[in-house]
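Protein chains in written order, with my numbering: chain B, 4 to 365; chain F, 4 to 365; chain H, 4 to 365; chain E, 4 to 365. To start, the structure under review is shown below, and the notes come after it.
There are 4 protein chains.
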Amino acid sequence: MSNTLGLLFRVTTFGESHGPGTGCVIDGCPAGLEVDLDFVQSELDRRKPGQSRLTSQRKESDRVQVLSGLYEGKTTGAPIALFFANEDARSKDYTHLEHTFRPSHADFTYQAKYGVRDHRGGGRSSARETASWVAAGAIAKLMLKKHGIGIRAYVSQVGDLSVPLPYSELDLSLTEDNPVRCPHPETAEAMIALIEEVRKEGDTVGGIVTGVISGCPPGLGEPIFDKLHASLGKAMLGINACKGFEYGSGFGAVGMKGSAHNDAFYQEEGRIKTRTNYSGGIQGGISNGMDIYFRCAFKPVATIVAAQESVNDAGESATVEGRGRHDPCVVPRAVPIVEAMAALVLADFICLSSSSSPPSTH
Amino acid sequence: MSNTLGLLFRVTTFGESHGPGTGCVIDGCPAGLEVDLDFVQSELDRRKPGQSRLTSQRKESDRVQVLSGLYEGKTTGAPIALFFANEDARSKDYTHLEHTFRPSHADFTYQAKYGVRDHRGGGRSSARETASWVAAGAIAKLMLKKHGIGIRAYVSQVGDLSVPLPYSELDLSLTEDNPVRCPHPETAEAMIALIEEVRKEGDTVGGIVTGVISGCPPGLGEPIFDKLHASLGKAMLGINACKGFEYGSGFGAVGMKGSAHNDAFYQEEGRIKTRTNYSGGIQGGISNGMDIYFRCAFKPVATIVAAQESVNDAGESATVEGRGRHDPCVVPRAVPIVEAMAALVLADFICLSSSSSPPSTH
Amino acid sequence: MSNTLGLLFRVTTFGESHGPGTGCVIDGCPAGLEVDLDFVQSELDRRKPGQSRLTSQRKESDRVQVLSGLYEGKTTGAPIALFFANEDARSKDYTHLEHTFRPSHADFTYQAKYGVRDHRGGGRSSARETASWVAAGAIAKLMLKKHGIGIRAYVSQVGDLSVPLPYSELDLSLTEDNPVRCPHPETAEAMIALIEEVRKEGDTVGGIVTGVISGCPPGLGEPIFDKLHASLGKAMLGINACKGFEYGSGFGAVGMKGSAHNDAFYQEEGRIKTRTNYSGGIQGGISNGMDIYFRCAFKPVATIVAAQESVNDAGESATVEGRGRHDPCVVPRAVPIVEAMAALVLADFICLSSSSSPPSTH
Amino acid sequence: MSNTLGLLFRVTTFGESHGPGTGCVIDGCPAGLEVDLDFVQSELDRRKPGQSRLTSQRKESDRVQVLSGLYEGKTTGAPIALFFANEDARSKDYTHLEHTFRPSHADFTYQAKYGVRDHRGGGRSSARETASWVAAGAIAKLMLKKHGIGIRAYVSQVGDLSVPLPYSELDLSLTEDNPVRCPHPETAEAMIALIEEVRKEGDTVGGIVTGVISGCPPGLGEPIFDKLHASLGKAMLGINACKGFEYGSGFGAVGMKGSAHNDAFYQEEGRIKTRTNYSGGIQGGISNGMDIYFRCAFKPVATIVAAQESVNDAGESATVEGRGRHDPCVVPRAVPIVEAMAALVLADFICLSSSSSPPSTH
């Protein structure tokens with residue numbers, strides 16, 4: 004379970020940051036889909052560290068190797084296996100952590116759960132895992148494109164600096180124009196300055212990524228326990244450092260009254276739409292054809308330069324100092340990850356939706 | 004899938020608000036567990052409508068019938084089937100909605116997904132469904148109690164009125180002392196007044212429920228795609244009207260720096276603890292032994308008295324008036340539901356955790 | 004898992020032979036399917052005991068109650084819950100078995116697994132469970148009919164008496180003409196005589212049920228671990244007393260050479276067919292459009308009149324005498340069960356097959 | 004689903020015979036298990052082609068590469084990814100099959116299902132896939148050994164030549180002494196002669212593999228739809244060319260009477276045993292502590308030298324000639340595969356069994 008996402012469009016991941024590599028198996032991708040590997044690589048390049056001063060200086064080329072499942076550039080219905088060989092893995096950087104638990108990392112909990120752990124680079128809990136997510140998500144995006152569905156994410160907040168406009172008033176095509184991936188240029192500039200400042204202090208800062216799904220047909224999502232927003236929420240909360248998820252009006256709905264919050268229906272050009280979209284494109288767990296949008300809160304990265312109080316695996320007091328090469332703020336690199344996870348969730352629901360249609364009359 | 008929750012401790016639900024009844028099948032509950040049916044019923048009584056002026060006046064006795072799985076008061080390892088016969092179901096109240104979509108309800112999306120729907124009382128999307136959740140959750144609570152795990156929830160916000168203290172400074176045993184289920188008496192009083200006012204206006208208001216899990220051993224949760232908080236989040240987001248979920252520091256983490264947010268480890272009486280608990284008891288998706296706490300945002304109930312613009316299933320303009328018997332604020336009755344969903348998630352992870360332990364040496 | 008069958012068209016069962024009743028929840032049945040309840044009941048009547056001298060004299064009316072999921076005679080996409088209230092349950096018949104394990108029953112293994120058991124009538128392992136299978140299977144048959152798929156089963160062997168012709172040379176419409184459900188009248192007569200003789204001896208005898216699926220389109224089944232025949236085999240082996248499964252040439256293939264066994268392809272009226280059908284309609288785990296046929300071996304029923312050596316739950320020697328009302332031969336009543344299980348497997352693959360089709364070009 | 008086996012001890016496979024390679028991801032293997040890679044490789048060597056004149060002369064070294072999941076020779080609880088690079092893949096051998104369907108292969112059904120296929124070497128349906136099964140099974144065997152469970156398989160029939168003794172009267176340690184893997188030396192010799200003769204004719208012949216599981220504790224297996232023998236049956240039927248499965252008395256039970264077939268219980272040294280074992284170690288789908296044994300029927304390999312009638316993917320008549328390097332009889336190499344599949348099924352039930360135990364009293 005723990006390493007597999009999805010019911011029909013399924014991704015199973017493997018690998019540690021300091022072993023031979025990481026990778027994934029995508030099972031259930033429909034046959035006959037053309038897979039543009041340049042697009043997959045370009046998505047990976049958005050995720051990789053070392054892109055700018057704002058991100059970890061760890062060098063990873065993140066070249067994807069296709070081990071199976073494609074034939075003459077198309078999917079065959081067989082599992083697609085992808086692999087990323089590890090490079091530049093300085094295991095020695097982690098020797099001092101072999102017996103000590105870094106605060107607010109997964110070191111202690113992995114030890115508690117498994118009785119053993121690969122301490123190098125966070126082992127299985129390393130962010131390197133997300134290369135597989137982004138690659139699988141890129142293939143999901145290609146499939147979704149055939150269904151007219153597009154997915155965009157951007158940084159809407161860093162520390163206390165937030166974009167002053169809702170997504171619908173932004174030009175999301177500007178997102179990739181700056182290293183912080185914020186489509187509001189003035190805010191982006193301030194965010195960059197803040198991250199640089201935090202980095203100089205050896206500290207880290209949190210942020211928010213907003214995701215927007217457009218072109219989603221009505222009827223996606225499964226009632227009760229697999230509601231569309233609940234599945235999106237689980238996927239987002241599965242991203243390292245994500246502490247909260249809200250969709251549509253989100254926590255802001257709490258202070259509203261029903262008379263203001265309800266989205267009136269109207270008809271336009273044969274399509275049923277809503278005048279407002281506090282529902283965030285989802286009602287009763289099922290898409291209604293409007294834009295789906297959501298926000299993911301990320302905590303400040305746990306690796307900092309200052310010495311911190313901790314304990315070791317013998318239960319004794321210990322001091323931890325951050326020596327790895329990490330990001331001062333996770334959100335710029337989280338943008339393609341949020342998009343990928345959304346794409347994987349949507350792809351699974353697209354596959355599921357075909358199965359819930361009425362039987363054809365013979 | 005859509006009507007089943009859990010991998011090993013599995014709950015499958017069924018039923019509509021206006022058919023013979025609703026119910027569930029609980030599969031995977033360990034054998035030999037004593038099931039106190041009075042406790043199960045008392046949990047159901049916390050959920051049922053008509054408890055006070057703050058809730059819907061619809062009368063439901065919500066008597067649980069056990070159809071299978073218990074023998075001499077104990078579980079046998081066989082599926083436990085529970086049933087709630089429908090009573091006081093005024094189907095006629097819904098005749099005017101047969102062809103019209105209520106704004107911000109699931110009417111339109113069910114029609115879009117299935118091409119057919121049982122319009123009476125929301126059919127499958129009715130809150131009546133949650134009786135099964137609460138009953139199954141009560142059995143899960145009994146199982147968790149054997150493992151030392153306790154679950155409490157309470158209303159921490161209604162509209163703009165929020166409890167001024169964190170959960171750890173409240174006496175949660177006061178929660179059931181007032182109909183709004185807020186353990187902070189002064190705030191509770193204000194909340195009650197606000198809900199009454201909103202009700203008189205024929206309007207509704209949102210709120211927040213906070214959940215607290217104590218006594219959870221370290222090691223629960225599965226890395227990567229089934230992180231403990233992600234599974235909790237999905238369960239909570241599956242509750243009708245829930246628009247957002249956060250755990251630990253949540254959205255508040257965004258504005259913090261890593262140096263302030265990290266939870267230092269220390270040792271006390273042989274147990275490893277953290278000085279602060281911004282992590283919310285979960286690190287890397289796995290419990291660390293500290294309290295787990297989280298918050299769920301609920302939108303204002305969609306059913307209001309005022310006439311609303313909408314369309315009918317022919318795509319024509321239509322007006323919807325609320326005539327059913329509904330709650331002005333969902334959060335007081337959401338409290339036992341939040342607890343139940345948390346219990347079901349935890350019970351599943353408890354079952355899973357036994358399977359990930361090292362093989363015993365023979 | 005253990006009480007759920009299927010991935011998308013899912014049946015979850017519950018109930019014991021001596022509690023309030025048994026039943027099931029069918030989740031994933033497509034919306035808009037007309038459910039002819041008379042047909043469902045007629046299938047149940049084929050399964051119920053007391054039909055003839057050949058079967059148990061236990062009286063069960065097996066009236067199906069629909070608890071949810073149908074609206075105006077059609078499925079809505081919501082779970083369909085079915086219930087069978089227990090009647091004529093003589094629990095006292097089983098008092099002598101409270102502490103003793105009947106040979107070749109599930110008494111000992113349930114006790115070993117769960118540490119507790121409901122000894123009355125076999126509890127969960129009772130054949131009464133199969134009422135749910137047959138009812139769910141009837142709904143699956145209605146769905147399959149829309150896809151042109153028909154399922155027939157018949158008794159092809161009792162003891163050493165076997166039908167001398169392959170299924171393709173029999174008139175399967177004769178199956179229901181005699182109580183043993185064998186479409187070869189002379190063999191049927193001999194089988195009936197044999198079963199009567201065995202019954203008079205207080206003994207039981209085994210048999211074989213052959214199943215035939217016609218009209219199955221090419222492409223059903225999933226490669227590797229969910230091959231169509233493997234899923235059929237698992238479903239059949241899950242029927243009480245089933246000891247073996249073979250499809251197509253089955254065990255008979257062992258003595259054949261490849262040159263004789265291979266099924267040559269040819270084309271007829273635009274359809275690709277095979278000249279012989281040793282493959283049993285399935286190649287590489289996927290249907291090829293030819294008839295699918297298979298055989299299920301059933302052991303003699305374990306309940307006999309003679310006293311038998313056993314032990315009790317204290318591990319002491321004990322003697323077991325058969326006092327319940329049981330069948331001298333299980334296969335006549337197994338016929339509708341085999342059909343139902345085949346229908347459930349096929350319905351699931353039909354649902355799955357829609358999801359593996361190439362994405363439509365938008 | 005189709006490429007994943009197991010619920011908790013899960014194996015997901017990927018790869019084609021003529022791409023970069025094949026492999027698998029094992030998720031859910033308990034942490035702390037010592038993995039002897041020499042043992043894993045020795046199991047693979049039993050499976051690989053080119054071992055003797057009786058098997059395909061295709062050369063594959065089948066060296067397993069561990070991509071993840073082991074740390075200092077032990078499992079960490081993280082997914083174990085294994086990879087087998089393809090060598091000696093003569094794709095040109097298959098050019099003539101690009102558009103033609105080989106009789107009794109999966110060519111036509113894959114084309115029908117997916118609309119596309121990798122025709123080289125059977126693509127995904129190649130027996131090369133089973134390298135992953137055997138490697139994963141070897142790790143499962145190491146885990147099972149800790150629980151005292153041993154698994155042995157052997158060839159019990161080739162063509163019409165069958166071993167004249169039941170498994171319990173054979174010395175299974177002799178199995179590996181001859182290339183046909185039959186522990187009865189005289190029969191082995193005759194089998195070898197038969198296979199050689201068949202090979203010279205350019206033909207193929209079927210056979211039976213018998214599997215024996217010893218040391219299995221009572222209580223493994225899940226009632227109703229995941230019975231132990233049903234899961235074993237599905238796993239075996241999933242092996243290429245397997246046409247039938249029976250356990251215990253199997254098809255032989257059909258001609259028996261209940262009075263002869265029932266296994267009387269007795270007690271010996273504190274353990275409950277049965278005097279006979281027609282039940283094959285499983286009652287009601289759950290292990291009873293006796294040996295589990297079963298038989299798998301394999302058809303003759305479909306690839307033969309003689310020209311065969313067929314059609315091409317345009318639906319026109321075509322002739323197929325066998326030119327690849329294939330086995331005249333599949334059963335000798337099927338022996339380690341049967342063992343591996345049995346080990347994977349048992350490992351999953353061992354993991355599941357921990358979860359169904361009564362909750363510990365706190």
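Think of the CB as a built atom: it goes at the ideal place given N, C-alpha and C, for glycine as much as any other residue.
Contacts with chain B (Cβ-Cβ distance below 9 Å) from the region 154–178 of chain H involve no residue at all.
For the region 70–89 of chain E, the set of positions with a beta-carbon nearer than 8 Å to some beta-carbon of chain H is empty. Judged by beta-carbon spacing, A84(H) lies within the 7 Å limit of S71(H), meaning their Cβ atoms are closer than that value.
For D30(B), the nearest CB of chain E lies under 7 Å from its own CB, placing it at the interface with that chain. Residue state for E312(F) is assigned as strand, using DSSP reduced to three classes. When the Cα atoms are used, G288(H) and P169(H) turn out to be separated by approximately 23 Å. For K116(H), DSSP assigns no beta-bridge partner whatsoever. DSSP places I142(B) inside the alpha helix (DSSP H), whose first and last residues are T133 to K149. Under the DSSP assignment, Q54(E) falls outside any alpha helix (DSSP H); it carries neither an H nor an E label. In this structure, D266(F) and S107(B) form a Cβ contact; the two beta carbons are roughly 5 Å apart against a cut-off of 8 Å. Within chain E, the residues whose beta carbon sits less than 7 Å from that of N6(B) are D30 and P82, listed in sequence order. The region 150–169 of chain B and the region 177–189 of chain B touch, with three or more beta-carbon pairs separated by less than 8 Å.
If only complete runs of 4 or more residues are kept, the region 228–268 of chain F shows the alpha helix (DSSP H) at 231–240 and 261–264, in order along the chain.
Cα atoms of Y250(F) and S282(F): separation of roughly 8 Å, rounded to the nearest angstrom. Within the model, the alpha-carbon separation for H102(E) versus G24(H) is close to 56 Å. Per the C-alpha coordinates, the member of S176(F), A345(F), R202(F) and T279(F) positioned closest to I216(F) is A345(F).
Burial check for R105(H): the Cβ neighbour count within 10 Å reaches 16 or more, so the residue is buried. Burial is judged here by how many other beta carbons sit within 10 angstroms of a residue's own beta carbon; E90(F) has fewer than 16 and is exposed. Restricted to the region 266–350 of chain B, the beta strand (DSSP E) segments that are unbroken, complete and at least 3 residues in length are 268–271, 274–277, 295–301, 311–314 and 320–323, listed in chain order.
DSSP, read as helix, strand or coil, puts L168(F) in coil.
T25(F): member of the beta strand (DSSP E) spanning G24 to D30, first to last residue. In this structure, the alpha-carbon of P82(E) lies about 4 Å from that of D30(E). Closest option to S171(E), judged by alpha-carbon separation, among D180(E), F17(E), N315(E) and N280(E): N280(E).
Here DSSP, grouped into helix, strand and coil, assigns S217(E) to strand.
Contacts with chain E (Cβ-Cβ distance below 8 Å) from the region 300–316 of chain H involve A300, F301, K302, P303, V304, A305, T306, I307, A309, Q311, E312, S313 and V314, listed in chain order.
The contact set of E19(F) on chain H, defined by CB atoms closer than 9 Å, consists of S71, G72, Y74, T79 and A81 in chain order. Counting C-beta pairs with one atom in each stretch, the region 219–235 of chain B and the region 119–134 of chain F have three or more that are closer than 8 Å, which means they touch.
When beta bridges are read from the DSSP output, F87(B) appears opposite T25(B).
If you compare the alpha carbons of V334(E), D330(E), P220(E) and C332(E) with that of Q286(E), the shortest gap goes to P220(E). Within the same chain, no Cβ atom closer than 8 Å to the Cβ of S357(B) is found once the five residues on either side in sequence are excluded.
Of the residues assessed, S313(B) falls on the buried side of the cut-off, its CB having 16 or more other CB atoms within 10 angstroms. Between C354(H) and F111(H), the CB-CB gap reaches or exceeds 7 Å. Collapsing the DSSP output to three states places V201(F) in a helix.
Beta bridge pairing from DSSP links Y97(E) with no other residue.
The beta-carbon of I227(H) is placed less than 7 Å from the nearest beta-carbon of chain E. G209(B) is bridged by DSSP to nothing; it lacks a bridge partner.
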